[in-house]
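Undergrad: Top to bottom, those sequences are chains A and B. Taken in order, the first sequence gives residues 2 to 482; the numbers are from the numbering used here. Taken in order, the second sequence gives residues 55 to 545; the numbers are from the numbering used here. We treat Cβ as the ideally placed atom computed from N, Cα and C, and that holds for glycine. Can you read through this structure? Questions will come right after.
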Amino acid sequence: MIGVTSAHSWSASVVKILVTAQRPNFTLPWQESAPAQASGSGFILQDGRKQRLLTNAHVVSDARYLEVQREGDARRFPARVAFIGHDCDLAVLDVLDSAFWDGIRPLGLSRALPALDDQVIAVGFPIGGNRLSITRGVVSRIDYQPYSHSDVDSHLVLQIDAAINPGNSGGPVLYKNRVVGVAFQGIRGAQNIGYAIPIPVIRHFLDDIADGRYDGYPELGVAHLPLRNPALRASLGLPTNRSGVVVARVDPRESAANRLLPGDVLLAIDGAIIRDDGTILIGKQPIEFIELLERKQVGETVFFDLWRSNALLRIAVPLVPPSPDFRFARQYDIAPPYLVLGGLIFSPLSRELLIATQRQLNMPQAQHLLYAWQFGRADGLHALDRERVVLIGRLPHAVNAYADSFLLSAVAAVNDRPIHSINDLPPALESPVQGFHVIRFHDRPDFLVLPADAADASWPAIAALYRVPAMSRLPPSEQMP
Amino acid sequence: MTDWLSLRVACLSAVAGIAGLLPAQPALPTRENSLRDSVFPLRVTAQRTVPAQPWKKEPPERRAGYAVALSSNRLLTVETLVRDSTLVELGQSESARFTAIRLLLTDRERNLALLDVAGTPFEGALKPLEIDEKPPLGENGSLYHIVEGGIFQKGSALLLRGIMEASDETVPPTPAISFLSELPVNGTGAPILLKGRLAGIISRYENSTRLGVLVPGLALRRFAAEAQSGAYRGAAAAGFSWQPLPDPALRAFLRAPESISEGVLVVRTFPGSKAAPILQPNDILLEWDGHHLDHQGYYRDEWLGPLPFSAQIAFSSPGDEIPIAVLRNGELRRDTLTLSAWTDLPSRVPVYDPVPPPWLIEGGFIFRDLSGDYLRAVGGNWLMRANARLVRLFLLGREDPALSGERVPLLVAVLPDEINIGYQEISDAVVTHVNGEPVQSLADILEIRKRDGFIHRVRISDLHIDLVLNREQLTAANARIAAQYRLPQSP
Chain A
2 MIGVTSAHSW
12 SASVVKILVT
22 AQRPNFTLPW
32 QESAPAQASG
42 SGFILQDGRK
52 QRLLTNAHVV
62 SDARYLEVQR
72 EGDARRFPAR
82 VAFIGHDCDL
92 AVLDVLDSAF
102 WDGIRPLGLS
112 RALPALDDQV
122 IAVGFPIGGN
132 RLSITRGVVS
142 RIDYQPYSHS
152 DVDSHLVLQI
162 DAAINPGNSG
172 GPVLYKNRVV
182 GVAFQGIRGA
192 QNIGYAIPIP
202 VIRHFLDDIA
212 DGRYDGYPEL
222 GVAHLPLRNP
232 ALRASLGLPT
242 NRSGVVVARV
252 DPRESAANRL
262 LPGDVLLAID
272 GAIIRDDGTI
282 LIGKQPIEFI
292 ELLERKQVGE
302 TVFFDLWRSN
312 ALLRIAVPLV
322 PPSPDFRFAR
332 QYDIAPPYLV
342 LGGLIFSPLS
352 RELLIATQRQ
362 LNMPQAQHLL
372 YAWQFGRADG
382 LHALDRERVV
392 LIGRLPHAVN
402 AYADSFLLSA
412 VAAVNDRPIH
422 SINDLPPALE
432 SPVQGFHVIR
442 FHDRPDFLVL
452 PADAADASWP
462 AIAALYRVPA
472 MSRLPPSEQM
482 P
Chain B
55 MTDWLSLRVA
65 CLSAVAGIAG
75 LLPAQPALPT
85 RENSLRDSVF
95 PLRVTAQRTV
105 PAQPWKKEPP
115 ERRAGYAVAL
125 SSNRLLTVET
135 LVRDSTLVEL
145 GQSESARFTA
155 IRLLLTDRER
165 NLALLDVAGT
175 PFEGALKPLE
185 IDEKPPLGEN
195 GSLYHIVEGG
205 IFQKGSALLL
215 RGIMEASDET
225 VPPTPAISFL
235 SELPVNGTGA
245 PILLKGRLAG
255 IISRYENSTR
265 LGVLVPGLAL
275 RRFAAEAQSG
285 AYRGAAAAGF
295 SWQPLPDPAL
305 RAFLRAPESI
315 SEGVLVVRTF
325 PGSKAAPILQ
335 PNDILLEWDG
345 HHLDHQGYYR
355 DEWLGPLPFS
365 AQIAFSSPGD
375 EIPIAVLRNG
385 ELRRDTLTLS
395 AWTDLPSRVP
405 VYDPVPPPWL
415 IEGGFIFRDL
425 SGDYLRAVGG
435 NWLMRANARL
445 VRLFLLGRED
455 PALSGERVPL
465 LVAVLPDEIN
475 IGYQEISDAV
485 VTHVNGEPVQ
495 SLADILEIRK
505 RDGFIHRVRI
515 SDLHIDLVLN
525 REQLTAANAR
535 IAAQYRLPQS
545 P
């Protein structure tokens with residue numbers, strides 16, 4: 002149902018965002034793609050005393066130049082990203098030119114989620130025109146679902162039966178003229194299904210940045226089983242009048258580490274009863290219990306009532322910043338770290354690297370990368386290492402003529418020093434073994450050697466020939482927790 | 055090693071240049087009475103097991119090929135033709151009658167199988183062909199197969215070159231001869247004769263290019279001799295892995311004298327092998343059985359030309375003593391290495407399943423051991439598409455001999471029933487404990503099941519708690535699940 006207009010003048014609230022972006026090249030990490038132009042939507046939200054220009058993170062990711070434009074106004078105003086949350090696909094932009102703000106009419110954030118079947122409208126600038134578009138539909142589902150921007154995060158989602166098209170992203174979804182969501186993704190191949198980021202996620206983002214910094218969502222770091230099996234319940238000694246989920250694994254790097262234990266039965270979170278399928282009731286809606294944790298910020302505490310060793314306990318879990326290690330979220334607004342040694346390119350394993358090399362991932366040596374990606378956390382690789390450092394490519398030169406069979410292998414040690422992150426490479430390279438750099442890899446017994454002096458001497462020629470601007474780009478060093 | 059692959063590619067790319075070498079005579083069907091008692095059509099019904107549901111079989115598959123007489127009651131064919139067979143039938147060229155015969159022995163590594171007609175209704179006579187152990191390359195042989203009416207068709211086949219060939223990607227390659235055929239070939243196992251002697255049998259062919267691969271006479275002779283001895287031990291294994299050593303930097307790091315540019319690098323020796331006390335990682339293997347090895351591991355075979363030295367292993371037998379020369383820390387050492395049997399070094403993760411693969415279902419939990427066949431059942435690109443944790447265990451475990459029977463026991467999937475509510479989405483998980491005890495194989499699980507009478511606690515590597523089943527309800531649940539899912543008795 003497209004093109005239904007409203008009496009409200011949305012042009013004072015909803016803007017078009019024009020983006021010039023460049024993605025990094027994850028196989029030649031010192032290079033970037035050609036600048037590409039795209040557009041999205043945004044809107045002005047009244048956040049307490051502040052007026053925020055809100056949009057999706059994916060609209061402005063990797064932006065090199067941003068402009069915003071109001072409907073009916075020929076002027077384009079330069080903008081910049083003030084805050085961005087890739088895990089929740091939201092961003093706030095700054096527009097410094099005060100002329101932009103003249104006549105702006107901020108929208109208010111609704112206090113409550115709309116109910117199923119409530120009629121909502123999506124306002125924005127979808128592709129195919131420069132004028133505002135208004136699409137009307139009803140709320141068809143409220144659910145916990147994956148957010149495709151990061152590929153690893155799931156949050157609450159508002160599903161509406163109105164199409165969300167490219168360009169709509171970042172525009173408001175309104176119920177009774179108040180914002181209940183930010184349009185952000187659709188389903189390829191499905192008609193008239195659109196998704197919006199709902200109020201709790203928007204609220205979480207705005208509260209997070211209130212201190213001038215975005216911390217992101219804390220992770221509990223617990224794998225749990227539903228407690229629907231009577232034998233499992235009985236083995237835990239759980240009284241029949243209790244319900245909950247049983248903790249099956251605790252991530253040593255997230256909030257629950259050393260607080261929750263395998264075998265604990267989580268009975269309630271902040272007083273809300275957890276049912277045997279892992280849901281709690283919010284109103285009459287069953288929602289994953291993790292949703293209550295989702296509404297908390299890093300630094301806050303969540304309380305669990307739990308059953309441990311045949312006794313009831315209340316455990317406080319202070320929420321810590323999430324660990325990015327071995328999580329493999331999509332990466333944006335970063336310059337990929339790398340190091341070139343004798344023409345061999347080393348870079349951390351990332352989702353982008355897997356995507357860029359997907360045609361070569363059927364080689365046996367690349368299998369460790371798939372394993373680390375899918376099972377690194379479950380199998381505790383991140384308890385030892387910060388990341389996997391991969392030999393991602395070879396800039397051919399006489400010094401590295403025999404290295405091809407090692408491409409896409411993950412480095413375990415260099416010169417007998419273990420490699421926990423790419424920052425471990427430079428110190429390891431300071432101590433060659435008998436004049437050679439000896440590089441060993443995960444899951445293969447053979448090893449690669451480079452004559453140290455020849456590798457060092459090759460740099461000027463390789464840098465000039467392949468136009469590599471610097472031998473390395475490394476992130477600031479961090480200690481393993 | 056990839057040597058055989060590159061050879062195969064080289065061989066295929068040479069087609070255009072070689073096609074003109076074949077004689078231009080037409081291949082007409084001929085009445086070839088002399089081969090009537092030596093070459094027989096073979097009809098095979100095969101059914102593969104479904105690896106994730108090992109009690110089930112795929113729909114029956116029909117294959118046709120050939121067998122050649124080896125003695126008065128035995129015949130040879132290729133293993134790939136009779137793999138997973140449920141019925142093997144031997145025909146006669148001039149009659150439409152097929153007779154069920156016995157499959158005595160198969161060897162997947164050598165891609166050969168031994169058939170027996172003794173005690174079967176087969177009434178014909180078998181007249182063995184004389185085997186030409188080393189048919190010369192570059193010669194035109196005669197390829198025979200049978201066409202409609204039971205008539206032998208004869209065509210020219212040019213023996214091209216020695217290659218390394220594996221029956222599938224999970225077994226080590228063995229030496230073979232590539233050939234270019236005048237005829238489109240209509241079945242594996244068909245013979246190529248050279249001056250009336252059996253040069254080999256066809257293991258693979260591609261009618262679009264007319265190229266094929268021949269298991270040569272020498273391999274047939276060795277297999278036959280060992281099989282007839284009654285104590286068949288299968289292919290030989292050297293007990294170590296190696297890699298080419300062309301890199302001068304690596305050679306210098308290993309302190310190889312600059313004057314020596316040959317030899318390959320010993321990467322690791324397999325525990326329990328005869329190589330373990332003799333070779334060490336980082337040794338440079340210079341000579342194998344009197345042959346000098348170049349830095350790719352090739353030697354010049356007098357008959358087949360340049361081949362990797364693994365060809366020599368394939369032509370050897372378990373127990374053979376092989377003189378070797380290695381360079382260790384710059385020092386030349388000579389020793390003798392005794393070859394093991396391939397089957398004496400069972401992998402922790404076998405590349406293929408025994409038939410039938412053992413399994414157990416308890417409370418709807420399907421248990422079996424991990425194997426290459428299990429992963430390959432995912433289909434093409436299984437290295438990428440199968441469960442990455444299991445693929446990694448396979449790659450690490452296939453060359454890791456498990457001398458005390460360790461395997462990787464799996465909880466393959468859960469057959470939904472009320473007893474296993476809450477666990478039904480678990481699949482492809484590695485089982486670490488059963489009834490509170492660590493397990494390292496399905497055999498361990500079966501042992502615990504036999505001892506305790508039930509399995510009521512299972513721990514998998516993903517989770518740090520036990521999956522618990524109601525002990526009192528297990529017997530009834532097992533009966534219910536067996537009936538519901540039509541399960542046979544566990545083997």
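Hey, would you say B:V522 sits closer than 9 Å to B:R534, going by beta carbons?
TA: Contact: no.
Undergrad: Where do the N-terminal and C-terminal ends of the alpha helix (DSSP H) with A:D425 fall, by residue?
TA: Premise fails: A:D425 is in no alpha helix (DSSP H) and is neither H nor E.
Undergrad: Determine, using beta carbons only, whether A:L226 and A:R243 come nearer to each other than 9 Å.
TA: Cβ distance not < 9 Å, so A:L226 and A:R243 don't count as in contact.
Undergrad: So B:E184 packs on B:R251, CB below 8 Å; how close in whole Å?
TA: With a Cβ gap of about 5 Å, B:E184 and B:R251 count as contacting.
Undergrad: Run through chain A and tell me which residues come within less than 7 Å of B:Q297, C-beta to C-beta.
TA: Per Cβ cutoff of 7 Å: D447.
Undergrad: Could you tell me which uninterrupted beta strand (DSSP E) segments, each at least 3 residues in length, are contained entirely in the region 179-232 of chain A, listed from first to last along the chain?
TA: The region 179-232 of chain A contains these whole beta strand (DSSP E) runs: 179-187, 195-199 and 223-227.
Undergrad: By the criterion of Cβ-Cβ separation under 8 Å, what are the contact partners of A:Y403 in chain E?
TA: Among the chains of the structure shown, chain E does not appear; the protein chains present are A and B.
Undergrad: Got a sec? Which residues, its chain only, sit under 7 Å from A:R296 by beta carbon, not counting five neighbours each side?
TA: Excluding sequence neighbours, A:R296 sits near P201 and H205.
Undergrad: Taking only three categories from DSSP, how would you classify B:H345?
TA: In the structure shown, B:H345 sits in a strand (DSSP, three-state: E or B).
Undergrad: Please list the terminal residues of the continuous alpha helix (DSSP H) segment that includes B:I502.
TA: Per DSSP, B:I502 belongs to the alpha helix (DSSP H) from L496 to D506.
Undergrad: Hey, quick one: how far does the beta strand (DSSP E) through A:P319 stretch, first residue to last?
TA: Element bounds for A:P319: A312 to P319.
Undergrad: Ignoring anything shorter than 4 residues or poking outside the region 102-165 of chain B, list the alpha helix (DSSP H) runs there in chain order.
TA: Qualifying alpha helix (DSSP H) stretches, in chain order: 133-136.
Undergrad: When you compare only the Cα positions, how much space is there between A:A13 and A:H421?
TA: Each residue's Cα considered, the two are about 52 Å apart.
Undergrad: I'd like the span of the beta strand (DSSP E) that includes A:D48, first residue to last.
TA: Run containing A:D48: A37 to D48, per the beta strand (DSSP E) assignment.
Undergrad: Which runs of the alpha helix (DSSP H) at least 4 residues long sit entirely within the region 76-102 of chain A? Give them in chain order.
TA: Within the region 76-102 of chain A, the complete alpha helix (DSSP H) runs of at least 4 residues are 99-102.
Undergrad: Between which residues of its own chain and A:Q70 is the CB-CB distance below 6 Å, once the five residues before and five after are set aside?
TA: Hits under 6 Å: K17 and R77.
Undergrad: Between B:S458 and chain A, is any beta-carbon pair separated by less than 9 Å?
TA: Not an interface residue.
Undergrad: Assign B:G266 to one of three DSSP states: helix, strand, or coil.
TA: B:G266 falls in the strand class under three-state DSSP.
Undergrad: Let me confirm a value: A:S34 is counted as buried when at least 16 other C-beta atoms fall within 10 Å, else exposed. Which label applies?
TA: It counts as exposed.
Undergrad: Listing by chain order, which chain B residues have their CB less than 8 Å from the CB of A:V247?
TA: I519, listed in chain order.
Undergrad: Could you work out which residue in B:Q527, B:L268, B:A537 and B:Q543 is closest to A:P231 when comparing CA atoms only?
TA: Among B:Q527, B:L268, B:A537 and B:Q543, the Cα nearest to that of A:P231 belongs to B:Q527.
Undergrad: With a 10 Å radius around its C-beta and 16 neighbouring C-beta atoms as the bar for buried, classify A:N169 as buried or exposed.
TA: Answer is buried; the Cβ neighbour count reaches 16.
Undergrad: When you check each C-beta in the region 213-247 of chain A against every C-beta of chain B, which residues fall closer than 8 Å?
TA: Listed by position, the residues of the region 213-247 of chain A near chain B (Cβ gap below 8 Å) are A224, L226, P227, L228, R229, N230, P231, A232, L233, A235, S236 and V247.
Undergrad: For the alpha helix (DSSP H) that contains B:A211, what are its first and last residues?
TA: Here B:A211 belongs to no alpha helix (DSSP H); instead the beta strand (DSSP E) covers I205 to E219.
Undergrad: Only counting runs of 4 or more residues, tell me where the alpha helix (DSSP H) segments fall wholly within the region 244-291 of chain B, in order along the chain.
TA: DSSP runs (the alpha helix (DSSP H)) wholly in the region 244-291 of chain B: 271-283.
Undergrad: Helix, strand or coil: which one does DSSP assign to A:Q298?
TA: Of the three classes helix, strand and coil, the one that applies to A:Q298 here is coil, per DSSP.
Undergrad: Take B:I376 and list the residues in its own chain whose beta-carbon comes closer than 6 Å to its own, dropping the five residues that flank it on each side.
TA: Around B:I376: D343 and L391.
Undergrad: Any C-beta of chain A within less than 8 Å: which residues of the region 428-440 of chain B qualify?
TA: Residues passing the 8 Å Cβ filter: N435, L437 and M438.
Undergrad: Hey, how far is the Cα of A:R1 from the Cα of A:P470?
TA: Not covered by the structure: residue 1 of chain A. The range shown for chain A is 2 to 482.
Undergrad: Starting from B:P492, find everything on chain A with Cβ-Cβ shorter than 7 Å and list it in chain order.
TA: Within chain A, no residue comes near B:P492; the closest Cβ sits about 17 Å away, beyond 7 Å.
Undergrad: Nearest to B:A179 by CA position, among B:R402, B:L465 and B:S92, is which residue?
TA: Nearest C-alpha to B:A179: B:S92.
Undergrad: Here's the rule I'm using: 16 or more other beta-carbon atoms within 10 Å means buried, otherwise exposed. How should B:V320 be labelled?
TA: By the 10 Å Cβ count, B:V320 comes out buried.
Undergrad: Cβ of A:Q435 less than 9 Å from any chain B Cβ?
TA: At least one chain B Cβ lies under 9 Å of A:Q435.
Undergrad: Under a Cβ-count criterion, where at least 16 other Cβ atoms within 10 Å of its own Cβ denotes burial, should B:E115 be classed as buried or exposed?
TA: With fewer than 16 Cβ atoms within 10 Å of its Cβ, B:E115 is classed as exposed.
Undergrad: Determine the DSSP secondary structure at B:I296, reduced to helix, strand or coil.
TA: Strictly speaking, residue 296 of chain B in this sequence is Trp, with Ile absent from that position. B:W296: strand per DSSP, three-state reduction.
Undergrad: May I ask you to list, following chain order, the residues of the region 477-490 of chain B that have a beta carbon less than 7 Å from some beta carbon of chain A?
TA: Of all residues in the region 477-490 of chain B, Y477 have a Cβ within less than 7 Å of some Cβ in chain A.
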